[in-house]
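Protein chains in written order, with the numbering used here: chain A, 4 to 119; chain B, 132 to 238. Below is one structure, written out as structure tokens, with a few remarks after it.
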Amino acid sequence: DAEITQSPRHKITETGRQVTLACHQTWNHNNMFWYRQDLGHGLRLIHYSYGVQDTNKGEVSDGYSVSRSNTEDLPLTLESAASSQTSVYFCASSENIGAGGYNEQFFGPGTRLTVL
Amino acid sequence: AQRVTQPEKLLSVFKGAPVELKCNYSYSGSPELFWYVQYSRQRLQLLLRHISRESIKGFTADLNKGETSFHLKKPFAQEEDSAMYYCALRNTDKLIFGTGTRLQVFP
């Protein structure tokens, strides 16, 4: 069955370290998204991609970067982790609207990141 | 600006009581709205979309363009409805989420 996975599921790191969170989907979706979930803020979009070699900044992109070298993966990198980046991170994917999809986003299980 | 507002952080009801989770939106165009749900220890999943006009797990939501609202309703809450609920607005291929409402249903 097609799915979307994230790794690691839990990560503790120190301030200033570089961290990469993995997201892998087997839906063959063109669209992929990264969100962070924080109490009182809901889900906020960090970065998104509409296809290979395409990346775009979301609402809260500062301190984060992504790259899209294939359809299946959109890794999220924290260049220099800060305590304000302690959060739960969700990856999602969806069909293009142009492909006739309903734009339902399918979410991964989340990664809980703690920056000490 | 495009925005989704969920005014209640927490809604607590007893089993069998009616439930209404509020959602208001701001969008300069024809909106497309969704409700997503996150049960404890599970991933976020789509509950329903307004274009389908469907009822899922007893929940319904009607788009009211005059009031710019998309409230989620259920006539009789069940304990298994306890979860985090997010209203979302489509913006091209992206979704704009509200801050979420936690629904607690007590026995």
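We treat Cβ as the ideally placed atom computed from N, Cα and C, and that holds for glycine.
field: Exposure of B:Glu-185, with buried meaning 16 or more beta-carbon neighbours within 10 Å
entry: It is exposed - the Cβ of B:Glu-185 has fewer than 16 other Cβ atoms within 10 Å.
field: Of the listed residues B:Ile-187, B:Gly-189, B:Ser-183, B:Ala-219, nearest to B:Ser-200 (C-alpha basis)
entry: Closest by alpha carbon: B:Ala-219.
query: Bridge partners of A:Ser-68, per DSSP?
result: Residue pairing by DSSP places A:Ser-68 opposite A:Thr-80 in a beta bridge.
task: Please compile the residues from chain B whose C-beta is within a distance smaller than 8 Å of the C-beta of A:Glu-82.
output: Correct list: empty, because the minimum Cβ distance to chain B is about 23 Å.
query: Is the Cβ of B:Leu-177 closer than 8 Å to any Cβ of chain A?
result: B:Leu-177 counts as touching chain A.
- prompt: Cα separation between A:Val-63 and A:Ser-83?
  reply: For A:Val-63 and A:Ser-83, the distance between alpha carbons rounds to 15 Å.
Presumed contact (8 Å Cβ cut-off) between B:Leu-177 and B:Tyr-167, rounded CB distance: About 6 Å separates the two Cβ atoms, so the contact holds.
message: Assuming A:Thr-8 and A:Gly-111 are in contact, meaning their beta carbons sit under 8 Å apart, how far apart are those beta carbons, in whole angstroms?
response: So it is a contact: roughly 6 Å between Cβ atoms.
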